[in-house]
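Below is one structure, written out as structure tokens; comments come after it.
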Amino acid sequence: MKKSKKIACTVLALMMVASSGMSVFAATEHWNDAANNTSENAEWTAWKTAWETVKTDYQKVAITVGADETQINFSWYSKTQETPAVRLANNIRMNDYTEFSGTQDATPKYISADGVQTTEGNGDAYYASKVTVTGLEENTTYYYQYYQNGEWSDATEFTTQDFDSFKALLYGDPQIGACSGQTSVDGSAMSGQLAARNDAFNWNLTVEESLEKNPDTNFLITAGDQVNTSRNEYEYAGFLNAGALDNYALSTAIGNHDSSNSNYSDHYNNPNSGVATEGQTVAGTDYYYTYGNTLFIILDTNNYNCATHEAVMKEAVAKNPDAKWRVVMFHQDIYGSGKDHSDSDGMVLRTQLTPLMDEYDIDVVLQGHDHTYSRTYQLSSDGQEHKEYNNSNWRGDEDYLSENECYNILSSQRSGTVIDPEGTVYLETNSASGSKFYELIANQQDYVAERSQTWTPSYSVLTIDENSFSIATYDVTTGEMLADSTPYTIVKSADKTALNEAIADAEAIDGSKYTAESYAALTKALEAAKAVAADAEATDSEVAQAVADLANAKAGLAVIVVDKTALNEAIAAAEAVDGSKYTEESYAALTKALEAAKAVAADADATEEEVAQAAEALTAAQKALVEVSNENPNEKPDDNQKPDDTQKPSGDNNGNTSEDPNKGPMDNPSTGDNGVAAWALTAALSGMGIAGIVISEKRKKANAR
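Counting the sequence shown from 1 gives a position; my numbering is that position plus 1429.
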């Protein structure tokens, strides 16, 4: 049976609190030292052991966004030349799967023993494989397998959310390996794989923390610099090892640290990426996609040929003229506030890109690069002729700074809600891992509405529906709104029809999932909105403000976080049990309780009562184990017959459903531990899998919403 893609998932599931530390990079002594102030030092110790396996696991699958919300793309490395394929089903046993075939690079890449891309004869060969899956429906739980090295992977869950009103989590510069040069509190000098180990640990914490607070997230976004050194495959291994990346699609930008090697384009299968390529970097080029009513355009600003960027923007807008929201993302912060880049190399393309944002009516621009947080006012081009710069002719002199004063500030509103605004707002993200931080520039630029540097990892929540686009940024270490930041909401063309839709959406929210304080704020906004809707003399401005207030209250809902520490500890203890020492019947009962407990642990909607019951049931099952009789000391439970997991993709491999509806992992692909399938089947037939049934019903209700 193929090993699960994630190493030490039990260890990673227990990581709940990030930490911050201080050392040296550029002009600062701030970075996120994983060995400093972790809530459970045992978890960091366990991760250091797990890292020895993680760092060489170059064959991790990456799920990326598809051309629209009904598609997702897959990519992975394989040691075998073969036809890559993905199977998709709505059950963990993979019955009635649909199979999608893809393409594999004919020319291999080579990775050395120390995890660095090399040349033929100096390392092992790997082939980049890519597959596109289509036909996804909203609010649906799927399971997928991918075909790699002649066998099918374990079945892994992937759940879609609502397509019309959705949420994306935005991260800046994880930059795995960038803490190189620092010294840990434990005396370790950070460099190479040790630096990657530290940053991968913290990156996983940020992803898990952000998703725990936002379980209804649709997909994830990173604004570039996923890794520090683009040829280091162990850094990609650390980045992709973040457990949740198995279950969410990812949209990435090419950062300057990603741009000098083809590893980026080998690991990520981006849609619509061949529109224009002149001047592209070896890492790849621009791409675009839609999700619901929003068009996302991702530019590689390491390519200084803005004609290429304009060609992509022109096609994306022309093919999606009805998109309500238009978002552009690129790595370099042409409007940022960090000391290291915002007034130097970060704004090289400002004079060329700012007019493009006007021409194509871009609402929001997402940026990274400067490892600080900032958000601008609504900006536009000043309409004047300015010198164009590239990587060879820019100089940080007075003329350069003067030419880059190429913008107009259209609004003095720093926070809250803007209604039908002109211009574009630019958001600069801080590092999501804390691998390094920069200082804010001494003199805050006039275009900056707010900025912050807390020396801690952060992430932003983008909440988007038909009428509003909200941005809120959070500190990972505190779980609260980032210091010196405020929510910002754009509202467009809101009439009473839009208001009534927003009211209906708010009324459908289950308040039991959220803190009393945050749900009370929503209730207050809801009552006010109803009053405006009922007022025949309400002005357009009052209607729009009511829509905005509801959007802000909805974005501010705080999920009640259930403590699963005891449950995870019980799971770890049960997994350590040697089944050969106990009777088949008692060990089967433990296995059943274990799988039920895992389902509860993985369920973001599990209540405190369900978590406690699962932990108690698992502990009781372990205590009830009956040792094998001394009269038969060598007797062991029979091993389950493992399915043949080496079958190659069959059929026409183009998304056609398997002909035999009963043919699944029991007959063909491997779907993980046989105990999982056995328990799921037993629970379905006997009704004894209480926790599993609770979760199943919960998902059915969620999907019905």
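Glycine included, C-beta positions come from ideal geometry on N, C-alpha and C.
Residue environment, residue i, which counts as buried when at least 16 other CB atoms sit within 10 Å
i: Lys1993; result: buried
i: Asn1732; result: buried
i: Glu2060; result: Below a pLDDT of 50, predicted positions are generally treated as unreliable, and Glu2060, at 46, falls in that range; the measurement from the model is reported next regardless. Classification of Glu2060: exposed, given that the 10 Å Cβ count is below 16.
i: Tyr1600; result: buried
i: Pro1886; result: buried
i: Lys1748; result: exposed
i: Tyr1717; result: buried
i: Leu1996; result: buried
i: Lys1596; result: buried
i: Ser1914; result: buried
i: Glu1662; result: buried
i: Ser1864; result: buried
i: Thr2020; result: buried
i: Ala1478; result: Checking the sequence, you will find Thr at residue 1478 rather than Ala. Classification of Thr1478: exposed, given that the 10 Å Cβ count is below 16.
i: Lys2052; result: exposed
i: Thr1714; result: buried
i: Lys2010; result: exposed
i: Ile2024; result: This sequence places Glu at residue 2024; Ile is not what is there. Buried is the call here.
i: Pro1603; result: buried
i: Ala2049; result: exposed
i: Gly1450; result: Residue confidence for Gly1450 is low, a pLDDT of 34 falling below 50, so the modelled location carries little weight; the figure read from the coordinates is stated next. Classification for Gly1450: buried.
i: Val1961; result: buried
i: Ala1984; result: buried
i: Val1869; result: According to the sequence as given, residue 1869 is Leu; it is not Val. So Leu1869 ends up on the buried side.
i: Ala1954; result: buried
Boundaries (first-last residue) of the alpha helix (DSSP H) holding residue i
i: Gly1667; result: 1662 to 1669
i: Ser1771; result: Taken as a continuous stretch (DSSP letters only), Ser1771 belongs to no alpha helix (DSSP H), as it is neither H nor E.
i: Thr1478; result: 1470 to 1483
i: Val2029; result: 2013 to 2031
i: Ala1737; result: A quick correction: the sequence has Thr, not Ala, at residue 1737. 1735 to 1748 is the extent of the alpha helix (DSSP H) around Thr1737.
i: Lys2052; result: 2037 to 2052
i: Met1786; result: 1779 to 1788
i: Tyr1829; result: 1827 to 1832
9 Å Cβ cutoff met for residue i and residue j
i: Tyr1903; j: Leu1911; result: yes
i: Val2006; j: Thr1635; result: no
i: Thr1681; j: Thr1651; result: yes
i: Thr1646; j: Glu1498; result: no
i: Ser1771; j: Glu1857; result: yes
i: Phe1503; j: Tyr1573; result: yes
i: Glu1946; j: Val1991; result: no
i: Val1794; j: Tyr1855; result: yes
i: Ser1897; j: Ile1932; result: no
i: Trp1402; j: Ala1949; result: Past the boundaries of the shown model lies residue 1402; the chain is included only from 1430 to 2134, so the question cannot be answered.
i: Gly1721; j: Asp1593; result: yes
i: Gly1667; j: Ala1712; result: no
i: Ala1901; j: Val1890; result: yes
i: Val1560; j: Gly1531; result: yes
i: Asp1687; j: Val1490; result: no
i: Glu1832; j: Lys1816; result: yes
i: His1760; j: Phe1866; result: no
i: His1798; j: Gly1825; result: no
i: Ala1584; j: Ala1518; result: yes
i: Ala2137; j: Ala1982; result: Lying outside 1430 to 2134, the shown extent of the chain, residue 2137 is not represented and no answer is given.
i: Gly1775; j: Leu1808; result: no
i: Asn1643; j: Val1988; result: yes
i: Ala2026; j: Ala2003; result: yes
Where the beta strand (DSSP E) through residue i begins and ends
i: Val1559; result: Checking the displayed sequence, the identity of residue 1559 turns out to be Lys instead of Val. Per DSSP, Lys1559 belongs to the beta strand (DSSP E) from 1553 to 1562.
i: Tyr1487; result: Note, Tyr1487: premise wrong, no beta strand (DSSP E); not H, not E.
i: Tyr1526; result: Careful: Tyr1526 lies outside any beta strand (DSSP E) and carries neither H nor E.
i: Ser1694; result: That residue, Ser1694, is in no beta strand (DSSP E); its alpha helix (DSSP H) goes 1692 to 1696.
i: Trp1460; result: Taken as a continuous stretch (DSSP letters only), Trp1460 belongs to no beta strand (DSSP E), as it is neither H nor E.
i: Gln1510; result: Where Gln1510 is concerned, there is no enclosing beta strand (DSSP E), given that its DSSP letter is neither H nor E.
i: Val1890; result: 1887 to 1893
heavy atom of the ligand ATP below 8 Å from residue i C-beta
i: Glu2024; result: In terms of ligand content, the structure shown is empty, and the ligand ATP therefore cannot be addressed.
Q. Hey, is the segment 1936 to 1948 in contact with the segment 1664 to 1681, meaning 3+ C-beta pairs nearer than 8 Å?
A. Of all C-beta pairs linking the segment 1936 to 1948 to the segment 1664 to 1681, fewer than three are shorter than 8 Å, placing the two stretches out of contact.
(Q) Check whether the segment 1524 to 1539 and the segment 1486 to 1494 touch, using three or more Cβ-Cβ pairs below 8 Å as the test. (A) The segment 1524 to 1539 vs the segment 1486 to 1494: no contact.
Q: Any chance you could list the beta strand (DSSP E) runs of at least 3 consecutive residues sitting entirely within the segment 1595 to 1621, in chain order?
A: When DSSP assignments are scanned along the segment 1595 to 1621, the uninterrupted stretches of beta strand (DSSP E) that are 3 or more residues long and fall wholly within it turn out to be 1595 to 1600.
Q) How about the segment 1654 to 1665 and the segment 1571 to 1584: do they share at least three Cβ pairs that are nearer than 8 Å? A) Not touching, per the Cβ criterion.
Q) Which runs of the alpha helix (DSSP H), 4 residues or longer, sit entirely within the segment 1928 to 2006? A) Counting only runs of 4 or more, we get 1945 to 1963, 1969 to 1984, 1994 to 2004.
Q: Give a yes or no on contact between the segment 1507 to 1517 and the segment 1687 to 1700, applying the rule of three or more CB pairs nearer than 8 Å.
A: Between the segment 1507 to 1517 and the segment 1687 to 1700 there are fewer than three inter-stretch CB-CB distances shorter than 8 Å, so the stretches are not counted as touching.
Q) Would you say the segment 1458 to 1465 touches the segment 1611 to 1623, given that touching needs at least three Cβ pairs under 8 Å? A) Touching, per the Cβ criterion.
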